[in-house]
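Residue numbers (numbering that gives the first Met the number 0): 0 to 314. All C-beta atoms, glycine included, are put in the ideal place defined by N, C-alpha and C. Just so we're clear, the structure is a prediction, and the values are computed from it rather than from any experiment.
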Amino acid sequence: MNSSDLLASFFAGSRRALAKVITAVENEASETPALLHAIYGRVGKAYRLGITGPPGAGKSTIVDELTKLLRRQDYSVGIVAVDPSSPFTGGALLGDRVRMADISVDPGVFIRSMATRGSLGGLSQKAQEAGDVLDAFGKDFVIYETVGVGQSELDIVETADTVIVVLVPESGDAVQAMKAGLMEIADVFVMNKSDRAGAARALHELSAILHLRPPAPWQPPVVPATASQGKGLEEIWQQVAAHREFLERHGQLHRKRRHRRESMIRELVARRLQQEFWDERAEQLLQEHLHNFPEHSLSPYDVVAALMQNAAARR
């Protein structure tokens, strides 16, 4: 299928075409820039939720139940489930479509598992572009579920309009450890598995930590939930809706999305420069240095200078 036919099928609502466009984005196929350019005029309508937290907190269950709630309200949903990468293939290891089997057959839901591919922020570099594709396809909500990697999982702020941080009662020590990291990015906290022993204490500790934060126009609420039993999902949705209304009322949603556009442009420029920098001669210079290492080798700074001179000579 050529690009024109693919786009025609995409705009006609073909899920197969949607999957093919996301695959092209993920694999950096040669036609990707043209595809993204063609669909970008339709980007900007979907509301984007980020759901993150420590491993085992029940993020997938919350995504599953929240999606069912949205579908009952006739919203269409796209899910980008970012899993750890296989160290051998670079592919996703967990495959959330297996864990979300009951919603994966819903024609109003599209789930795509993506690998982090070494992204320290817990979010694949391609996840935002996949979200743009789902947005252009007409999804009302795009939900990002990210691999829980603790304090380094901060780039979801660049991608989501509302960030939900999921914790469990057993993560009391983790809450302390995350005060300066993951704790700072939440718009809504969910204390999942709140039917377990120690839930009341964990909720108290979390509230105490939040009270230590400087006053802000939006104070993140804490919602107790037991997602596996469907408890607390209505409250989570109400808080998401309240946060969205707050962002829109104060003009922050526009600012967030403008910043997201700026970050994407900067990332694309950096990616393009890197691709153009490493030409055949640059690779040769690097390998010559490594071949002579450690005897009679230049310092890394001298090698960088030579590489930069090579790049300048091509202009």
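Cut-off 6 Å between Cβ atoms - residues of its own chain near residue i, not counting five sequence neighbours on either side
i, result
"residue 246", "252"
"residue 332", "What is shown of the chain runs 0 to 314, which leaves residue 332 out entirely."
"residue 227", "60"
"residue 42", "131, 134 and 135"
"residue 310", "276"
"residue 31", "23 and 24"
"residue 305", "284"
"residue 95", "Low confidence applies to residue 95: its pLDDT is 49, below 50, so where it sits in the model is not reliable, and the reading given next is rough at best. Closer than 6 Å at Cβ, skipping near neighbours: 59, 80 and 112."
Own chain, CB closer than 7 Å to residue i, minus 5 neighbours either side, in chain order
i, result
"residue 192", "57, 167, 168 and 225"
"residue 133", "45, 77, 109 and 141"
"residue 52", "58, 147, 164, 165 and 166"
"residue 379", "Nothing can be reported for residue 379: it is not among the residues displayed for the chain, which extend from 0 to 314."
Buried/exposed call for residue i, threshold 16 Cβ in 10 Å
i, result
"residue 201", "buried"
"residue 317", "Since the first residue of the chain shown is 0 and the last is 314, residue 317 is not available in this structure."
"residue 232", "buried"
"residue 113", "buried"
"residue 264", "exposed"
"residue 80", "buried"
"residue 23", "buried"
"residue 5", "buried"
"residue 120", "Reliability fails at residue 120, whose pLDDT of 46 lies under 50, so the model's placement of it is uncertain and no value is given."
"residue 111", "buried"
"residue 0", "exposed"
"residue 303", "exposed"
"residue 20", "buried"
Minimum C-alpha distance to residue i - residue among the options
i, options, result
"residue 299", "36, 285, 0 and 210", "285"
"residue 50", "82, 294, 304 and 244", "82"
"residue 69", "14, 231 and 236", "236"
"residue 187", "210, 218 and 203", "218"
"residue 206", "215, 221 and 196", "221"
"residue 105", "54, 40, 28 and 14", "14"
"residue 55", "272, 185, 145 and 307", "145"
"residue 184", "203, 155 and 198", "155"
"residue 238", "272, 11 and 189", "189"
"residue 203", "292, 223 and 139", "223"
"residue 138", "182, 111 and 75", "75"
"residue 307", "280, 107 and 196", "280"
"residue 314", "272, 250 and 21", "272"
"residue 12", "107, 288, 266 and 249", "107"
"residue 248", "282, 211, 293 and 216", "216"
Sequence-distant residues of the same chain with beta carbon closer than 8 Å to residue i, five excluded per side
i, result
"residue 158", "47, 49, 122, 126, 127, 130, 143 and 259"
"residue 17", "9, 109, 132, 133 and 136"
"residue 243", "46, 160, 161 and 252"
"residue 229", "64"
"residue 257", "none"
"residue 29", "none"
"residue 196", "168"
"residue 267", "none"
"residue 255", "160 and 246"
For this session: Ignoring anything shorter than 3 residues or poking outside the stretch 177-232, list the beta strand (DSSP E) runs there in chain order.
Result: Taken in chain order, the complete beta strand (DSSP E) segments of 3 residues or longer contained in the stretch 177-232 are 187-190 and 221-223.
Exercise. So does the stretch 266-282 actually touch the stretch 62-75, counting three or more Cβ pairs closer than 8 Å?
Worked result: With the cut-off at 8 Å, the stretch 266-282 and the stretch 62-75 do not touch.
Exercise. Taking only runs of the alpha helix (DSSP H) that begin and end inside the stretch 221-301, which ones reach a length of at least 4 residues, in chain order?
Worked result: Taking only runs of at least 4 residues, the alpha helix (DSSP H) segments lying wholly in the stretch 221-301 are 232-248, 251-276 and 279-290.
Exercise. Just checking, does the stretch 32-47 make contact with the stretch 124-131 on the three C-beta pairs under 8 Å criterion?
Worked result: Touching, per the Cβ criterion.
Exercise. Which runs of the alpha helix (DSSP H) fall wholly inside the stretch 6-37 and span at least 4 residues, in chain order?
Worked result: Taking 4 residues as the shortest admissible run, the stretch 6-37 contains the following complete alpha helix (DSSP H) segments, listed from N- to C-terminal end: 14-25.
Problem set entry | Inside the stretch 35-78 only - beta strand (DSSP E) runs reaching at least 3 residues | 46-51, all fully within the stretch 35-78.
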